[in-house]
Structures are given as C-alpha cells and as structure tokens.
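Colleague: Chains as they are written, first to last, in our numbering: chain Z, 17 to 356; chain G, 17 to 356; chain U, 17 to 356; chain W, 17 to 356.
Number of protein chains: 4
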Amino acid sequence: MYHFRNDYSQGAHPRVLDALVRTNLESTAGYGEDEYCQAAASMVKARFQCPDADIHFLVGGTQTNFTAITAFLRPWEAAVAVDTGHIAVHETGAVEARGHKVITVPHEEGKMTPSALRKVYEEHTCCNWNHLVLPKLLYLSDSTELGTIYTKEELKALSETCRELNMYLYLDGARLASALTAPGNDIAPEDLPGYCDAFTIGGTKNGLLFGECLVITNPALTENFRFCLKQCGAMLAKGRLLGVQFSALLEEDLWLQLGRHANRLAQRLTQGLVEKGYALYAHSPTNQLFPILPKEKIEELKRSFTFEFIAPVDESYDAVRFVTAWGSTDEAVDALLEAL
Amino acid sequence: MYHFRNDYSQGAHPRVLDALVRTNLESTAGYGEDEYCQAAASMVKARFQCPDADIHFLVGGTQTNFTAITAFLRPWEAAVAVDTGHIAVHETGAVEARGHKVITVPHEEGKMTPSALRKVYEEHTCCNWNHLVLPKLLYLSDSTELGTIYTKEELKALSETCRELNMYLYLDGARLASALTAPGNDIAPEDLPGYCDAFTIGGTKNGLLFGECLVITNPALTENFRFCLKQCGAMLAKGRLLGVQFSALLEEDLWLQLGRHANRLAQRLTQGLVEKGYALYAHSPTNQLFPILPKEKIEELKRSFTFEFIAPVDESYDAVRFVTAWGSTDEAVDALLEAL
Amino acid sequence: MYHFRNDYSQGAHPRVLDALVRTNLESTAGYGEDEYCQAAASMVKARFQCPDADIHFLVGGTQTNFTAITAFLRPWEAAVAVDTGHIAVHETGAVEARGHKVITVPHEEGKMTPSALRKVYEEHTCCNWNHLVLPKLLYLSDSTELGTIYTKEELKALSETCRELNMYLYLDGARLASALTAPGNDIAPEDLPGYCDAFTIGGTKNGLLFGECLVITNPALTENFRFCLKQCGAMLAKGRLLGVQFSALLEEDLWLQLGRHANRLAQRLTQGLVEKGYALYAHSPTNQLFPILPKEKIEELKRSFTFEFIAPVDESYDAVRFVTAWGSTDEAVDALLEAL
Amino acid sequence: MYHFRNDYSQGAHPRVLDALVRTNLESTAGYGEDEYCQAAASMVKARFQCPDADIHFLVGGTQTNFTAITAFLRPWEAAVAVDTGHIAVHETGAVEARGHKVITVPHEEGKMTPSALRKVYEEHTCCNWNHLVLPKLLYLSDSTELGTIYTKEELKALSETCRELNMYLYLDGARLASALTAPGNDIAPEDLPGYCDAFTIGGTKNGLLFGECLVITNPALTENFRFCLKQCGAMLAKGRLLGVQFSALLEEDLWLQLGRHANRLAQRLTQGLVEKGYALYAHSPTNQLFPILPKEKIEELKRSFTFEFIAPVDESYDAVRFVTAWGSTDEAVDALLEAL
C-alpha cells in the first residue's frame, strides 16, 4: 500500500525523533517554561526576523486557531474567512464554540481577495451598526485548503486592507513550509511578521509528532496569552517536547527542506496527471493535489493507494486528493503514476 | 411626519395598554408563575390546538431565538438558516455567542427550500464526519426578512425534510400575524404545531409593548427550559406583564385583526407603487415593502416620512423599506402615495 | 391577603404608568436611540454628577449583570463576589454561561471586606500564575442580598483596594434607592461614580414595570458596549419605554421617595418584631427583613400574608423574608404586626 | 540537582518511547481511527472489565476534563467539586469558559463526602428552583490534589449518592495508578466502571510523553462525543501516538508498576520526614508529599533539589510539595533524606 491520504500519517522525521530520544530522560520545568522552548523561540525569532514577537508552542491546529482567536477578539467581534477556510468548515465549529461568528465569503481558488474582504466589512458596518457582528480578524491559510498559495503582492494588499479596516490579519500556516517552498512563491519567512498580526508555523504536517508554533507580532495581542493557552487546554504539561521538536525542525531549515521535498513529489505527480489528460479540481503548486478521475479508476487505485474523496463532479467523475509529505518517496510516486 | 420606519415605533395597542393599566396594582407571583401567564398559555394552547405544548413568554426576539437554540442544541450542533435569516445577520452573533454555528444557504425570495436544506445537510454529514458541525435545527421565519411567506405545502415539505434528517424545525414568528393574514397564505394557526418543533408568536411587532411567546411542541425539548430562560436573562421579574398583554392580544383574535390591518395598508401602498411604475426589491404580501426608488425621490420623501434604507441598486436607485403596523393609518398611506 | 413576598409583585408606580400611557401613541426610533432615553440619560448624569458616563437602559437584573461582565472581562478574567452575591447564587450561572468564573468569599453580613478581597486576589496571583483565573472585577450589591448596606468608608476602602489590585468595581444597585435612603447610609448618589467603574440603578424593584440603568464611568469599558447589549438580548426594540419610565422615576427624586417609603415601613416592622422578642437572621436597615419565626407562627401567617422561606434554623424555627415596596401600605404593616 | 518538582518533568518511560520509535515510520489513519488506538481501547476494556465502554484518548488533563464536562452537561447544569479540586482551581476556569459553574464545597483531606454532596445538592434544589444552577456532575480525583485516596466504601457511598440525586460521577484519574497502588487502597481497576459514569486513566504523570484515556461507561453520555473532541481541540491528528503509548503502558500492567515505584519512594520519604519530626500538611499515601518545613531549610534545599511551594504556614514554616515519579531513584531519595 502506498499512502497519499494526508501529510500526518507517519510519526516524526528521524532528526526530530532523535532529538526527543536524546533528551528523553532530562528533567525540565513544565508547561513550556523550559530551556528547549526558549531556544526554539529564539530560533523562530531569528529565522523570521521578529525579535520582539511573542512565541507559543501548541499541540494541534484546531486548538491553535481557536485559542488565538479567543484571545484576540472581544465577544461581538468576528473572524472573516473564505468559505473553504479551515476554521469555517473543518473544525466542528470550534471558533463559534468560544463565542465568535466566522463570516465567510466565496473563495477564489481557495484564496481571499481585498475586494471580497472590503465588501463583507462594509456590509457589516454600513448601517444597522451593532445589530451585526463587527468583522475584526481576517483568517488566511497559506497554503490554502485547495493547495494554492498567496503571492507577496496579494498578501501585502490584504495586509494593507486589514490595517485600513482596523482588522487583524491571522495566517494559519499549518502547511507554511510547503507554501514557502512552492514554485511561484515569492514570500520569505521574514516577510510574514510585517504582514501579519499573528501567524502559525505548522509542525504536525511537516515532520513533527505534533506541534504548531504561534507567532504573535502585534504587541496589543500578547497580554496574558498564557492564561488563554491554559484555559483552552493548549498548555502541554511536558511542554519541552514542543521546544525540542521545533528546534530540530528549524535547524538547518529542515522545515523548508521537508516542504521542498513534498512539493517536488507533488509536482511530479501533477505533471504526470496533466500528461495523461486528467483535469484538476484546483491548481496547486504545493503538496496537495486535486485531480478529477473516472470513478472506475478511483476504485481501482484504492486497492494499492490511500487517498481522500473530495467532491462529486459528475456521473462518471469524482475529485480526489493526493497528498505528499516529508516521508513520501519517489518510488510511491512512480507507482501511482504508473497506475493512473 | 408619517412613520413607515418599522412596526415597533409606537407603544401598545389601546386594548393591551388598558389591560396593563387595569391590572397594574394587583400583586402576583413573579417570574411568569402567575395566573395571567397561565391564562395566556391556555389561550395559546386553545388557539393553536396544542394542548400539551410548553408555553413561555419572553421579552424580545433576539433573546427568544438564542434562548431557544441554546436549550435545544448540544455544543456541536448547528442551526441552518437562509443567508438573510435574522439569526444569521441581525442579532450580533447571539447564537454563536452561546456556542453554535449558524450555517447559511442562499435564500430564494427570503425563503428556505427542502433541496437547499438537504444539500447543506449532506455536505456536512457525507464524509469527514465529526470534523464538521452537525446540522440539527432549521431556522425559518414567517413572514421572512423580505416580507415573503411560506405556503402550507412549502412548510410541510420542509417539516418532512427535517424529520427525515432528524432535525428540529424552529419557526421565528416575530411577524407571524402578518404572515397568517396575508393574501396567499393558506397556513392556519392550528397547522403550526404539527409542522414545527417550536415556534414563536411575535408580540413586539404586533401591538404589545414587548413580548414574544415561545411554543415548544416537541416534548423532548421542554425539560428544564426555565433554567435556560433564567440563565439567558429572559425571565422577566414581573412576568405577568407578558401574560396580561398576550391575553389581550389573543382575545377575539386581536393579533390577527392587527396583522390584517397592517397588511391591508401595505397592499394599498404596493398597488400604488406598482401603478406608478416602481420596481420592487422583493415581492411581499405582508407588512414590509421593499420598493426601488430614485435617489432624489428618497431624499424628498425623507422630509415627511420615516423609512429605512435597505441596499444600493445602481447609480440612480436605492432599495428602501416601508413598514406598516397596527397603528398605521389610511391617511398616512394616502400621504405617502401622493408623495411618491 | 397582604403581600410581603417581594418588591416586584405589583405593576408600576402611577406616575411611571401615566408617563407610559401619555406617550403611548408617539412614534420614536427604536433600540434606545430615542429622545426619551437621551433625556433620561441626561437626568442620570446630572443626578449622579457624572457628565461623561456611558448610560444604558436594560430590562432586567440578571441580564444587566451578565451583559456588563461579558463586556468588561477577557475570557480568563473572573468576578469576585461574596458567597451570598446575586451573581454567585441566583442567576442560574448566567455569568459562567458567558465564560467567566465567579470566585466567592465568605460574606460578612452580606458584605465584602477589603481583606477578604485582597486575600482571594493574592491566592490567585501569588504562584502558579496563569493556571488560575485572574480576579479582575469586584461584584458588590448595595443593599446586599441580606438587606445590609455599605458605609461610605467601606465602599471607599473597597474601591481603593480594587484600584491597587487593578480590578474593576461593579456595584449592582438593584435595590440602590432603598440603600441610599436607609438609616445609617452616608453614601450620596453623586459619590458612586468616584468609587465604581460601573454601577446600576434598579428600577424593577422600585416602581417601574421593568428596567435597570447601567452607568459606566470607566471610559476603558465603554467601547462598543451596544454590540454586547444586542448580542446578549438586552436591547429592547421599544427602548423608549425604558427612557420614559426612568425619566418619571428620576423626576423630583421619585426613586428616593419610593425607597424611603419602603424603608420606613420595613423599619416599623423590624421594631415590632424586636419588641415582640423575635430574633433576626440579618440586621437590615432596608426594605428586606429576615426574622426568625416559630414554624407554627409561619404556618399561621401564610393564611393572610405572602412572604418567602429563607433558611431552616432549628427544629422549631425558620428564617423568612418580608419585603416592603413602594406600593406597601401602613395598613398591611399594621395587620402583619398584629398577627405576629 | 535532584528533581521532586512534579511527575511530568521527564519524557517517557523507555518502553513507551521504544514503542513510539518502533512504529514511527508506519502510515496509519489519523484522528484516533487507527489500529493502535483500537488495540489500546481493547486493552483498557479488558483491564477495567468494561467491554461496552466508550474509550477516547486525549492529550492533556485540563483538556480531558473540560471536553468531558462540555459533552456531558446541558447549559444550566453544574459540576460539584471540593474546593481543592483541579477543575475548581488549577485549570484557569476552563469549565466555566465552556459555560458551566463549578460549585465547590470544603474538602476533607482533599476528599468529597456524601453528606457534603447531598447538602450542596439540596441547597441548590430545595427552593427558588431554576434560579440556581442544577448540580449534575460530581467531580472527584483519585488520588486527590492532596495525595489522599478514596476507599472502596467511600467511592461506593458517593456513587450511590450520585445515583440517588440523578447526578453523574466523573473521576479524574490523572494520578490513578498511584492511587490504585497506594497502601490502604482497596479499589481495583475493575471496580471503577461500576461506580463511575466516566473516569480517566492518566498517562502524562505516569510515564507517557502525554496522554489521558477517557472511559465513558454510561451509555447515555457517549453519543457524538467525537464531535466534542474535535471542537475542543482534543482530537490529535496523529492520534495513533496515544494508542501506541497506552498499549505500552497497559502491557504487563506497566502503569501499576510505575505507580507502585513512585509510591514506594514517596513512602520512604514520608517515613524519613516523620522520623525527623516534621509535620505534614496532608497525609498522603501516594506520590505527592506535603511536609511543613522551616523556611531556612527550604532555602537550603533549593540549592540541590527542585520542589514546589504550596502554602505559608506561619512565620517560620511553609508547606512544600515533593513529588516522586516513575523515573525517580532511590539515590535521589537518599540524598533528600540526608539533606532534610
């Protein structure tokens, strides 16, 4: 069986696991107040050139998103996301469960545009003021749920729009490494602090056992954040496990190496799919592919490959998702290309 | 100045006010546990032919909606509404503030359809089960936010779809009297208990100082409801004020008389608008009208009439809203028709 | 039957009701944005000498408390109250339902002391910082749930402690008029803005049909409050009803006249009880009395008087509560004294 | 430096870590739907003799507590705990943040008694029904926050009281292994399903990198629990990490071996403390000790040992906490005994 189901089906990259094994019997302070977390935070600040940022390490993506949004917003303030946004669809209403509406707008290839943001903001604030929620935080993901990425120009425009509208920009980087190493990407890690009020660096989908790093660059959003972390169940007792893993991931830019590897395999697959004449449900330069395949072909592939169903297309075709990861191999891609 | 701003700009209908004045110095038990509330509840049960229903009297519409939904749903369950639905737009995220997502679907003339409901239900339950919220309650309003009404056939179809999908049907009747007395309506009060798990009878917009009656007909939803009422700030200390008012409103079907009056004036206005060649933003047989008027005409009308801006249409035209109420007069309608 | 059950068993004081009747057919803007609410707000600002305060009119006490606390606190911040405090006991967890812990400390005759406040603050902040909630708001009521009142010196000391601890002082004045007119009171209305960050002026228990006035004097707490009002279901559609009523209540200090009347009758009762040798469960100078009576006497009284059971004392005695109100009469007090 | 700070300062027990390393590169389904979680669930069911229980694996203790309570309670229902209970004090109001009051009663050596439970239940339900929250879930921890344990008789009595009062019994077993292997314990693992509606088996403090197992034995509480898991951020992407770890911990009852080890060292320490004449703040037979030490001695010990301050006792003495764990050594205990 070859696995293209997702990018979190294996354990940790060997260098990450080694770091955990090596430090296993040390005794440190709990709850992220240890030297490993400090060191990892320093590495993040250096790599992203944000020496004054507030850095927190959390376990999972849904947890990170709702904890941050809970801390950042007042009760009547809302997040804005595209209708495919992870917080809008795939987190079982975790943001609403903490009291905040997620306003959605139609996506364009998985992405938000300044005009869509401005439109929804104006609809909420033009009249009947205070009978509608106040849009206050823009939720983006890069790469998006459709595998697409933002250009620097696009991110800059959204950031400027947010500032003009007095909104925060929060970027969910669950697949940030894949985005930043994708063909066509022109955003550098050190660009993010300037454009975002907060962003995350995903570890779970890029070689860690688990772990997301939250970088808060807007100083107005940092006060008492650790209270919220604890209240949301997001303060890991053995917090150093996150520091140890992120240090290993940042060392020699392993995170970007792994992102690049996954992207390369995905691009090989994409090229093969296109050559064979298959249509694509979305045009992704990153590690998630969304081909449209004949239903019989899908049944046939299931015998030797794991992957996900995404959406029905017509009577004969469905869209599916293949995901490559840090642990995917050329051999698996060869096998899939042959079978397609 | 003539008022077409809304249907809650005056105090109470004289018969309602008289009842309050007449009973003012009586001493009764508080919190709705008095004889007046009991009497009003009996009148509701008789009028709507639901002898076993659980009847509660609340102060306002937003309060009623979020209190009911809070009591009915578990944390991961969501309400479904059209995108113009009151809970989806004009209640400052009150439902989300109590933890529940409001899933929206595009409206058809302000209304929900069985196919739209089924589609959104299936999208949420087909796969990735438990990463998405569980659609559990259908929110309808009759009349809708665009003044349109459901036919019996439409309501029946939605009710059957809800039962099939194991969802509750909650009908917001903030303007129920206007809906049930509108030209084209074929729903009788006594039809509602059979189609709905809960519905409300609006008083605020139909001649009370304030007050909404919540009728819970699904016995699975009634247990401990008064705890929720108190917790949501919806248990009025002098609860009998609601019982006294609703008794007066139900007596000799005053509520339907008032609805009919408002509708008649609105239809006179509609007819005049159409005769003068104005287009309508929505086709409403009830007491809210949405004509599209030239901007200069709007400016001119503002000098003598109150009404609301609804939406921009194009460079020269805007959509506005005229609302008639129990206290509106033929004289005011004549004046407006003349000015149009 | 004579009624000593509570201070909200009748309707409105005649002057309040007259004002409602007189203005009933006027058309005004909704949601508290009318001239009557503006006028009443001006009267409040003048009477309490707080020209820059933010004034809001709400329907009920529980609603006012949780709406204010929801707006004032961040998710990890808590309210502190005595263990008899209304928000701690009798509001069905409304504050917790909005996400905030209510920390309780033992009361002293229904009252909070600076040392108890300081102790609980220090216990929460001395160590293990951010694993405990952050005490941020002191909830007081005056008069208290046991009918007792704060002296100016006591309130000043609590206010200074709050400032030192960076906490807000919120005073629930559901029975403020009774407190400010009680024997022994030395607090003037115009003292409150200096000591409190926010306080309420109760109308429901002092001659209105319903209504609480929230006065926010700390400018850091006012931004966007009306969003919270709407979200909490506390924005009355016919908001002017609150403005009309409060204007009538403030005119010629009717509110204080009514408080004084209720207190005078209560003091007559207390004197009689003491003369007859009954013990008191709490020493209240205000309109709530808590005598300890023989169980047979209680049964006997029930035939002609309404009142509430409070707590068992021993095999032969129970504590009960008699409440006088603006509408109570000397005749009723005479009857009760005779029956005791 | 010798560590007695807590039982989560090291990584994982070697057998647990080995299992993670051994399975690291396997590809499995995510979100706990893999074979390792299934196998671990089967081992739990067999060991605790609850073949029909619903088993879930979560990351941390605070997360497990609030997720379970969120799923089990309706909005107006409350948890009851002793005033030292973990959910009442050390989880930053996580239960309240999800809307539920935690009612506290004074502890007896860290424990709840049936009479205290019954008293608080009756106070909440005797009168004024539905103005108070409804006590619905008893929160216990075994061992308690003071290191004490429940006897079978005590647990049985609490369980019977809960059933009589129609309340759930939830037992937080963050330190369950230490409790079940303590001198004086007469509760067997297989006793718990009969007494509890749900209980947890702590892994974080007993040799796992992280992980708590939630066992729901009341079938009325299991429906749709995984929705709540996801919504609360408690569904780990690489869920199998929990299955792998718990399998290793349950194999050959490693969990009890580790609990026994920690207890033995703690008892050696206790004996030494008593022999040296030190008083104890609480009498714990488990792995947490609470000696009262002279302040100078505390300062002296800090140079070579890590441990926690608990509470001031008087001018000369403070209470501190020493914790032993699966990784503690006789050598460290010898060193501490010598230094005392």
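Note that the Cβ used here is the ideal one computed from N, Cα and C, for glycine as well. Because the structure is a prediction, the values reported are computed rather than measured.
Assuming HIS140 (chain Z) is part of the alpha helix (DSSP H), what are its boundary residues?
Modeller: Taken as a continuous stretch (DSSP letters only), the alpha helix (DSSP H) holding HIS140 (chain Z) covers 130-141.
Colleague: Taking Cβ to Cβ, would you say ALA264 (chain U) is nearer than 8 Å to ASN234 (chain U)?
Modeller: In this structure, ASN234 (chain U) does not lie closer than 8 Å to ALA264 (chain U) by Cβ.
Colleague: What separation, rounded to the nearest whole angstrom, lies between the Cα atoms of ASN240 (chain G) and LEU148 (chain U)?
Modeller: Cα to Cα, the separation comes out at about 31 Å.
Colleague: Quick check on VAL60 (chain W): buried or exposed, where buried means 16 or more other Cβ atoms within 10 Å of its Cβ?
Modeller: Buried is the call here.
Colleague: Whose C-beta lies closer than 6 Å to the C-beta of ALA335 (chain U) among residues of the same chain, with five residues either side of it excluded?
Modeller: Around ALA335 (chain U): TYR297, PHE306, ILE308, ILE326, ALA327 and VAL329.
Colleague: Kindly list, in the order they appear in chain B, the residues whose Cβ is closer than 7 Å to that of VAL105 (chain Z).
Modeller: Looking for chain B here will not work: the only protein chains present are Z, G, U and W.
Colleague: Is TRP145 (chain U) buried or exposed, if buried means 16 or more other CB atoms sit within 10 Å of its CB?
Modeller: By the 10 Å Cβ count, TRP145 (chain U) comes out exposed.
Colleague: Measure the beta-carbon distance from LYS311 (chain U) to SER332 (chain U) and round it to whole angstroms, keeping in mind my assumption that it falls under 8 Å.
Modeller: Yes, they are in contact, since the Cβ atoms of LYS311 (chain U) and SER332 (chain U) sit about 6 Å apart, within 8 Å.
Colleague: Assess, as a yes-or-no matter, whether the segment 78-96 of chain W is touched by the segment 68-86 of chain U under the definition of 3 or more beta carbon pairs within less than 8 Å.
Modeller: Taking 8 Å as the limit for Cβ pairs, the verdict is that the segment 78-96 of chain W does not touch the segment 68-86 of chain U.
Colleague: Counting only beta-carbon separations shorter than 8 Å, does HIS19 (chain G) have a partner in chain U?
Modeller: It does; some Cβ of chain U falls within 8 Å.
Colleague: Among residues of its own chain, excluding the 5 on either side of GLY288 (chain W), which ones have a beta-carbon nearer than 6 Å to its beta-carbon?
Modeller: Here the set comprises LEU353.
Colleague: Do we get a CB-CB distance below 8 Å when we pair LYS246 (chain G) with the residues of chain W?
Modeller: By this cut-off, LYS246 (chain G) is an interface position.
Colleague: As a quick exercise: from W:CYS212, W:GLU180, W:LYS172 and W:PRO301, pick the residue whose alpha carbon is nearest that of GLU138 (chain W).
Modeller: If we check each option's Cα against that of GLU138 (chain W), W:GLU180 comes out closest.
Colleague: Does THR197 (chain Z) pass the burial test, meaning 16 or more other C-beta atoms within 10 Å, or should it be called exposed?
Modeller: With 16 or more Cβ atoms within 10 Å of its Cβ, THR197 (chain Z) is classed as buried.
Colleague: Are the Cβ atoms of ALA104 (chain G) and ASP158 (chain G) separated by less than 8 Å?
Modeller: It is not a contact, given that the beta carbons lie outside the stated cut-off.
Colleague: What number of angstroms, rounded off, separates the C-alpha of VAL339 (chain W) from the C-alpha of ARG191 (chain Z)?
Modeller: Roughly 40 Å separates the two Cα atoms.
Colleague: Could you name the residues of the same chain whose beta carbon sits closer than 8 Å to that of SER175 (chain W), not counting the 5 residues immediately before and after it, in chain order?
Modeller: Counting only Cβ-Cβ distances below 8 Å, and skipping sequence neighbours, we find LEU185, GLY210, TYR211 and CYS212.
Colleague: For a test of the three-state rule: what should DSSP assign to VAL96 (chain Z), helix, strand or coil?
Modeller: Reduced to three states, the DSSP call for VAL96 (chain Z) is strand.
Colleague: Can you tell me whether PRO301 (chain G) is buried or exposed, with buried defined as 16 or more other CB within 10 angstroms of its CB?
Modeller: Buried, by the Cβ-count rule.
Colleague: Report all residues from its chain with a CB closer than 6 Å to the CB of THR44 (chain G); omit the five preceding and five following residues, and keep chain order.
Modeller: ASP50 and ARG256, listed in sequence order.
Colleague: Identify every residue that forms a DSSP beta bridge with PHE321 (chain U).
Modeller: U:TYR18.
Colleague: Would you check if the distance between the CB atom of LEU258 (chain Z) and the CB atom of PHE73 (chain Z) is smaller than 8 Å?
Modeller: Closer than 8 Å, so yes.
Colleague: Could you confirm whether any beta carbon from chain G is found closer than 8 Å to the beta carbon of GLY275 (chain U)?
Modeller: Answer no: the Cβ-Cβ gap between GLY275 (chain U) and chain G never drops below 8 Å.
Colleague: Just the C-alpha distance for ARG114 (chain G) and LEU356 (chain G), rounded to the nearest angstrom, thanks.
Modeller: Distance between the alpha carbons of ARG114 (chain G) and LEU356 (chain G) is about 44 Å.
Colleague: Reducing DSSP to helix, strand and coil, say where PHE215 (chain Z) ends up.
Modeller: Strand.
Colleague: Per DSSP, which one or two residues make a beta bridge with LYS127 (chain Z)?
Modeller: DSSP output for LYS127 (chain Z) lists Z:GLU124 as bridge partner(s).
Colleague: Is there at least one Cβ from chain U nearer than 8 Å to PHE243 (chain Z)'s Cβ?
Modeller: So, interface residue.
Colleague: Do ALA14 (chain U) and ASN40 (chain G) have their C-beta atoms closer together than 8 Å?
Modeller: Missing from the structure shown is residue 14 (chain U); chain U here goes from 17 to 356 and no further.
Colleague: In chain G, which residues lie less than 7 Å from LYS117 (chain Z) when you measure between Cβ atoms?
Modeller: Simply GLY109 and GLU112.
Colleague: Report yes or no: is there a C-beta of chain G within less than 8 Å of the C-beta of TRP342 (chain W)?
Modeller: No - not a single Cβ of chain G is within 8 Å of the one on TRP342 (chain W).
Colleague: Run through the segment 145-213 of chain Z for me and flag every whole alpha helix (DSSP H) of 4 or more residues, listed as ranges in chain order.
Modeller: Within the segment 145-213 of chain Z, the complete alpha helix (DSSP H) runs of at least 4 residues are 168-181, 192-196 and 208-211.
Colleague: Where does LEU225 (chain U) sit, in a helix, a strand or coil, going by DSSP?
Modeller: The answer is coil: DSSP assigns LEU225 (chain U) none of H, G, I, E or B.
Colleague: Which residue wins for smallest C-alpha separation from ALA279 (chain G), given the options G:SER320, G:CYS248, G:GLN304 and G:TRP92?
Modeller: Checking the displayed sequence, the identity of residue 279 (chain G) turns out to be Asn instead of Ala. Checking every option, the nearest Cα to that of ASN279 (chain G) belongs to G:GLN304.
Colleague: Shortest alpha-carbon distance to GLY48 (chain G) belongs to which of G:ALA253, G:GLN283, G:ALA95 and G:GLU324?
Modeller: Minimum Cα distance to GLY48 (chain G) is reached at G:ALA253.
Colleague: Our contact map puts THR164 (chain Z) next to ASP188 (chain Z) with C-beta atoms below 8 Å; I'd like the distance itself, whole angstroms only.
Modeller: In fact, because the Cβ distance is near 14 Å, the residues do not count as touching under 8 Å.
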